[in-house]
Amino acid sequence: AQSVAQPEDQVNVAEGNPLTVKCTYSVSGNPYLFWYVQYPNRGLQFLLKYITGDNLVKGSYGFEAEFNKSQTSFHLKKPSALVSDSALYFCAVRDLRGGGADGLTFGKGTHLIIQP
Amino acid sequence: DTAVSQTPKYLVTQMGNDKSIKCEQNLGHDTMYWYKQDSKKFLKIMFSYNNKELIINETVPNRFSPKSPDKAHLNLHINSLELGDSAVYFCASSQGQRDQPQHFGDGTRLSIL
Chain B
1 AQSVAQPEDQ
11 VNVAEGNPLT
21 VKCTYSVSGN
31 PYLFWYVQYP
41 NRGLQFLLKY
51 ITGDNLVKGS
61 YGFEAEFNKS
71 QTSFHLKKPS
81 ALVSDSALYF
91 CAVRDLRGGG
101 ADGLTFGKGT
111 HLIIQP
Chain X
117 DTAVSQTPKY
127 LVTQMGNDKS
137 IKCEQNLGHD
147 TMYWYKQDSK
157 KFLKIMFSYN
167 NKELIINETV
177 PNRFSPKSPD
187 KAHLNLHINS
197 LELGDSAVYF
207 CASSQGQRDQ
217 PQHFGDGTRL
227 SIL
């Protein structure tokens with residue numbers, strides 16, 4: 001069975017500093033990886049995905065993520081954090097049982113807190 | 117303009133009641149999902165439908181019954197509500213390829229008294 005691990009419950013970063021939110025995965029076969037962000041009382045918003053190709057993928061709001069096959073990691077990064085980036089971040093891997101109707105297997109989420 | 121909309125946003129009810137949550141998407145997607153987010157924010161897939169056909173049915177009690185009248189709608193009916201059903205339920209949709217992201221509604225917060 002596939003799984004996603006987000007080892008940090010919370011990450012604290014000063015505004016203007018670079019940030020990293022960690023994610024490792026376990027799948028059989030090629031992974032389809034996603035990052036989502038959740039603001040309070042809202043649904044999840046898609047940030048970026050890795051399917052194939054360049055290991056560094058760029059997404060919304062200045063976020064990027066680095067895919068590392070040997071370390072089975074897909075860490076989320078941003079060069080300069082904003083207070084408005086404070087939210088709950090989820091890493092997810094696409095299930096591979098239902099064809100195009102696969103669900104997502106999520107990590108437990110990481111609270112990102114950007115301090116002014 | 118809301119892409120995936122759920123109603124109601126909040127649902128407070130008593131144990132033993134039956135309730136429904138509605139979901140509609142205007143993105144033209146062919147696949148829709150229900151997820152449950154528990155009090156610790158953990159998210160788990162419940163169901164997925166593709167072109168009105170049930171594709172994934174995770175280990176969910178029979179009291180939960182999804183219904184998809186057409187591609188744009190996926191409703192969730194819950195019978196005999198229990199305390200443990202308290203959670204936030206999210207509807208999502210996507211175009212039916214694995215590389216396509218899922219678009220989520222804002223959730224329905226279900227509280228069982």
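Protein sequence lines, in the order shown, are assigned to chains B and X. Under my numbering, residue 116 is the last one in the first sequence; the count climbs by one each step, no gaps. Under my numbering, residue 229 is the last one in the second sequence; the count climbs by one each step, no gaps. From the three backbone atoms N, C-alpha and C, an ideal C-beta is built for every residue, glycine too.
To the nearest angstrom, how far is the alpha carbon of T72/B from that of N142/X? 36 Å
Any idea what DSSP makes of Y61/B, helix, strand or coil? helix
Can you check which of these residues, L229/X, Q218/X, R225/X, is closest to I161/X by C-alpha distance? Q218/X
Under DSSP, the beta strand (DSSP E) around E198/X begins and ends at which residues? Unbroken run through E198/X: none, as it is neither H nor E.
Under the three-state reduction of DSSP, which class applies to V93/B: helix, strand or coil? strand
With distances taken between CB atoms, is the gap from V21/B to L104/B smaller than 7 Å? no
Any C-beta of chain X sitting closer than 7 Å to the C-beta of I113/B? no
With 7 Å set as the bound, which would you pick, yes or no: does the beta-carbon of F33/B sit closer than that to a beta-carbon of chain X? Position check: residue 33/B holds Leu in this sequence, whereas Phe was assumed. No, because no Cβ of chain X sits closer than 7 Å to the Cβ of L33/B.
Apart from the five residues on each side of it in sequence, which residues of its chain come closer than 6 Å, Cβ to Cβ, to F106/B? F90, A92
Rounded C-beta distance between T129/X and K138/X? I'm assuming under 8 Å. Contact flag wrong, Cβ pair sits at about 15 Å.
Output needed in chain order: residues of the region 25-53 of chain B with a Cβ under 7 Å from some Cβ in chain X. Y32, F34, R42, G43, L44, F46, K49, I51
Which stretch, first to last residue, makes up the beta strand (DSSP E) that contains H111/B? 110-115
If you compare alpha carbons, which of S3/B, A1/B, N17/B is closest to K78/B? N17/B
On the premise that L88/B lies in contact with K157/X, defined as a C-beta separation below 8 Å, what is that separation, rounded to the nearest angstrom? 6 Å
Same chain, Cβ closer than 7 Å to I171/X, neighbours up to 5 away in sequence not counted: S164, Y165
Taking 6 Å as the limit between beta carbons, can you name the residues of its chain near S28/B, skipping five residues before and five after? none
Starting from the C-beta of S210/X, find all residues in its chain whose C-beta is less than 7 Å away, skip the five residues before and the five after it, and write them out in chain order. H145, T147, Q216, P217, Q218, H219
Do you know how far the Cα of P40/B is from the Cα of G59/B? 21 Å
Taking all protein chains shown into account, decide if L229/X is buried (16 or more other Cβ within 10 angstroms of its Cβ) or exposed. exposed
Please state whether the Cβ-Cβ distance between L19/B and A65/B is less than 7 Å. no
Just how far apart, CA to CA, sit N173/X and F180/X? 10 Å
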